[in-house]
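This report refers to the structure that appears directly beneath it.
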Amino acid sequence: MEHDELLPLLSATAKGDKKAFAELYSATSGKLYAISLKMLKNTAQAEEALQDAFIKIWHNASDYQSNKGVVISWMISIVRYRSLDLIRHNKVRKEQEFTNEHSADLESVEVNDETDLTIEYESGNDNKLVDCIEQLDQQQRQAIHLAYYKGLTHYELVDHVSSPLGTVKSWIRRGLQQLQRCLTL
Amino acid sequence: MNYENQKLIDMLAAEYVLGTLVGSARDRYSRLMLTSNRAREATWKWEQHLNRLASSIEAVAPDQQVWEKISQRIDNNVVALNIQTRASNDEDNKPEDAVKKPKSRLLQAWSLAATVACIALAAIVWQSKTPLPIDTFESSQLAVFKMNLKRHCG
Chain C
0 MEHDELLPLL SATAKGDKKA FAELYSATSG KLYAISLKML KNTAQAEEAL
50 QDAFIKIWHN ASDYQSNKGV VISWMISIVR YRSLDLIRHN KVRKEQEFTN
100 EHSADLESVE VNDETDLTIE YESGNDNKLV DCIEQLDQQQ RQAIHLAYYK
150 GLTHYELVDH VSSPLGTVKS WIRRGLQQLQ RCLTL
Chain U
0 MNYENQKLID MLAAEYVLGT LVGSARDRYS RLMLTSNRAR EATWKWEQHL
50 NRLASSIEAV APDQQVWEKI SQRIDNNVVA LNIQTRASND EDNKPEDAVK
100 KPKSRLLQAW SLAATVACIA LAAIVWQSKT PLPIDTFESS QLAVFKMNLK
150 RHCG
């Protein structure tokens, strides 16, 4: 999934080439679906996010510019933002369902959620990022990972790590600042 | 909030990409991105930084029907777009000249033919003013014809 392989496919997609779009889907859908599945923990919703993301990619392929990063990063952002929207929407809906005593209406197959706080990052693909991530405090690293991979908000992180809101916000902010310094060096 | 402050923009962009910027703050930042180059560029930079975290996630093949649905939605859009474009083209291709010209030419031809016929008939009638030995029936028909000619040709 190299940038040089994806860029011609995206360019052709921007011109309405459906065959190129199918190839782009074939090359990237596994990764994008896995990201969405990890965040949403629900196959039906992850598929919905993937579908919506690819429709957006089809329509907005011509908006891509190289200063938006490599093609796969641009595509990951699209699927992540759609997944975040669905997570937030689900929370509102779940609250309403609880209120209406319909909370047992779970039609979709739930994906097992790893409840431990193991850092999921694997080294090998991006040494610079690995180094920078490893330089973070353990709490900062954990908070950033939980927010990125699971789409948790500050308030949800408070519940997840049993620490006060101010502390969690500070972990995130300082962790991001340190990460930025390290990555731009 | 001072959106000229680069550090502030950087942190808002980072939390926007991470997903911890939520609710109205997220909406405000989304709006800011529409007007601020700084905000957009900060966001793209953070997307490049943080999306590297996704490199560790193992790909999972989605169900085949996901592509089928995407493909169907695109085809429907294309069909809808074509229909819309055709309708719009039909509107555009209804220039009055294109529609009216043939009609106008036909009318002109008819008008010319009618004028020629009137002149020819008038000449015949003029010649018929010289007394001829005609019977009463023919004479009455000629009178009717003259009246009609007067009415139609002025």
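Top line first, the protein sequences correspond to chains C and U. The opening residue of the first sequence carries number 0 in numbering that gives the first Met the number 0; numbering runs sequentially from there. The opening residue of the second sequence carries number 0 in numbering that gives the first Met the number 0; numbering runs sequentially from there. Backbone N, C-alpha and C fix where the C-beta goes; we use that ideal spot for every residue, glycine too.
Around the beta carbon of S161 of chain C, a 10 Å sphere encloses fewer than 16 other beta carbons of the protein chains shown; the residue is thus reported as exposed. Boundaries of the alpha helix (DSSP H) around K44 of chain U: 36–49. The C-alpha of N76 of chain U is placed about 43 Å away from the C-alpha of Q176 of chain C. Listed along the chain, the chain C residues whose CB falls inside 7 Å of the CB of L49 of chain U are Y147. Taking the Cα positions, L20 of chain U is about 15 Å away from G174 of chain C.
Sixteen is the threshold: since fewer than 16 other Cβ atoms of the shown chains lie within 10 Å of the Cβ of A112 of chain U, the residue is exposed. Proximity of the stretch 58–76 of chain U to the stretch 10–27 of chain C meets the contact definition, three or more beta-carbon pairs being nearer than 8 Å.
Contact check for A13 of chain U and W45 of chain U: beta-carbon distance about 5 Å, within the 8 Å limit, so the pair qualifies.
When only Cα atoms are considered, L164 of chain C and K149 of chain C end up about 18 Å apart.
In the three-state DSSP reduction, Y154 of chain C falls in the helix class (H, G or I). Boundaries of the alpha helix (DSSP H) harbouring D9 of chain U: 5–17, taken from the DSSP string. The stretch 28–36 of chain C and the stretch 66–79 of chain C touch, with no fewer than 3 CB-CB distances between them shorter than 8 Å.
A distance below 8 Å separates the beta carbons of R72 of chain U and I54 of chain C. Taking the Cα of K127 of chain C as reference, the smallest distance to any Cα among C:L83, C:L145, C:V157, C:L184 is reached at C:L184. Closer than 8 Å to the CB of M32 of chain U there is not a single CB belonging to chain C.
For V167 of chain C, the secondary structure class from DSSP, reduced to helix, strand or coil, is helix.
Taking a contact as a CB-CB distance under 8 Å, the pair S35 of chain C and A48 of chain C counts as one, their CB atoms being some 4 Å apart. Listed by position along chain C, the residues whose Cβ is nearer than 8 Å to that of L17 of chain U are I143, A146, Y147, I171, L175.
Distance check between W57 of chain C and each of C:T12, C:H144, C:Q44 places C:T12 closest, using alpha-carbon atoms only. Of the other Cβ atoms in all chains shown, 16 or more fall within 10 Å of the Cβ of H48 of chain U; this residue is therefore buried. Considering only beta carbons, the part of the stretch 60–77 of chain C lying closer than 7 Å to chain U consists of N66, K67, G68, S72, I75, S76, in chain order.
With respect to L83 of chain C, G22 of chain U sits apart: the two C-beta atoms are not nearer than 8 Å. When secondary structure is reduced to three states using DSSP, Q63 of chain U falls in the helix class.
With respect to V167 of chain C, L178 of chain C sits apart: the two C-beta atoms are not nearer than 8 Å. DSSP places Y32 of chain C in the helix class (H, G or I) of the three-state scheme.
Under the DSSP assignment, N126 of chain C falls in the alpha helix (DSSP H) whose first and last residues are 126–134.
Within a 10 Å sphere around the beta-carbon of G68 of chain C sit 16 or more other beta-carbons, which makes this residue buried. Boundaries of the alpha helix (DSSP H) around A11 of chain C: 2–13. Our two residues, R180 of chain C and A53 of chain U, have alpha carbons roughly 20 Å apart in a direct line.
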